[in-house]
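In what follows, a single structure is set out as structure tokens and then discussed.
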Amino acid sequence: MAQSSSMVYELVRSRIMAGHYAPGAHLTEGQLCDEFDVSRTPVRAALRRLTEEGLIQTEPHRGAFVAQWTRSDVDEVFELRCILESRGAGLAAARRSADECAELRKSVDEMTKIAEAKKSTYKDDLHHNNREFHLLVLSAARSPRLYKIAEQLAYTSVTLGTYFYYSDTDIARSIQFHRDITDAIAAQNRTVAESLMSAHIGVGHVAFDAGRFGQSQPDD
17 MAQSSSMVYE LVRSRIMAGH YAPGAHLTEG QLCDEFDVSR TPVRAALRRL TEEGLIQTEP
77 HRGAFVAQWT RSDVDEVFEL RCILESRGAG LAAARRSADE CAELRKSVDE MTKIAEAKKS
137 TYKDDLHHNN REFHLLVLSA ARSPRLYKIA EQLAYTSVTL GTYFYYSDTD IARSIQFHRD
197 ITDAIAAQNR TVAESLMSAH IGVGHVAFDA GRFGQSQPDD
């Protein structure tokens, strides 16, 4: 049953990110049971998990709906991430271990391989790799409070969906940022690590807006 619940969760989340289920779409238990040929129990478990992550909003007597984010919501998440994670990168440069540098390099190499292989699930795979990289940086910062707050932002639906709006050029740029951030942390260059992380998240913000909202979307 746990496996069925995990399968439904992964499929629904991927379809939300890819736009198959549009913001505001009503997701009924019966619909999902029919789509994935499972019982209601794993569907309910998956919907609870997605609700906790903010990808789905549950309304009493109405059911589950794909969460809708305004431009202001998106701006706030990226701005907070920029502040917190740039500081985290700077602290990581001062406090990282050799093993943590090796893990960061491994993550960048894996991201490169994923982008080059370009399997059908590659954007979802990139999303998982990207989240792992950013959490590795925060872990190397040795600041539990910073990690906890930034981790919560890393699990918002905005952050979770970023790669589904990226072009190939955006992905290549993101990989290079990860490599450069890793080099700065390994070199213990706090100023450069902070600046690169800030630029990385800022550029990601622009790319996400272009993919999600286009050029004419109003702020709210």
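So the sequence shown is residues 17 to 236, counted in the working numbering. Glycine included, C-beta positions come from ideal geometry on N, C-alpha and C.
With respect to the 8 angstroms criterion, residue 151 and residue 201 are not classified as neighbours on the basis of their beta carbons.
The DSSP-derived three-state label of residue 54 is coil. The beta carbon of residue 221 sits closer than 7 angstroms to the beta carbons of 94 from its chain, once the five residues preceding and following it are set aside; these are given in chain order. For the pair residue 203 and residue 48, the Cα-to-Cα distance works out to about 49 angstroms.
About 5 angstroms separates the Cβ atoms of residue 45 and residue 56, confirming a contact at the 8 angstroms cut-off. When rounded, the separation of the alpha-carbon atoms in residue 160 and residue 50 is 43 angstroms.
For residue 108, the uninterrupted alpha helix (DSSP H) run begins and ends at 87 to 111, by DSSP.
In its chain, beyond the 5 residues on either side, 141 have a beta carbon closer than 8 angstroms to the beta carbon of residue 135.
For residue 75, there is no enclosing alpha helix (DSSP H); the residue is part of the beta strand (DSSP E) that begins and ends at 72 to 75. The Cβ-Cβ distance between residue 175 and residue 169 falls below 8 angstroms.
Under the criterion of beta carbons closer than 8 angstroms, residue 123 and residue 210 do not qualify as touching, at roughly 19 angstroms.
Separation of residue 53 and residue 138 (C-alpha to C-alpha, rounded to the nearest whole angstrom) is 25 angstroms.
For residue 83, there is no enclosing beta strand (DSSP E), as DSSP gives it neither H nor E. Look at residue 36 here: in three-state DSSP terms it is coil, with no helix or strand label. Excluding five sequence positions before and after residue 24, the CB atoms of its chain that fall closer than 7 angstroms to its own CB belong to 48, 52, 54, 58, 59 and 62, given in chain order. The beta carbons of residue 171 and residue 227 sit no closer together than 8 angstroms. With a threshold of 16 other beta carbon atoms within 10 Å, residue 75 falls short and is exposed.
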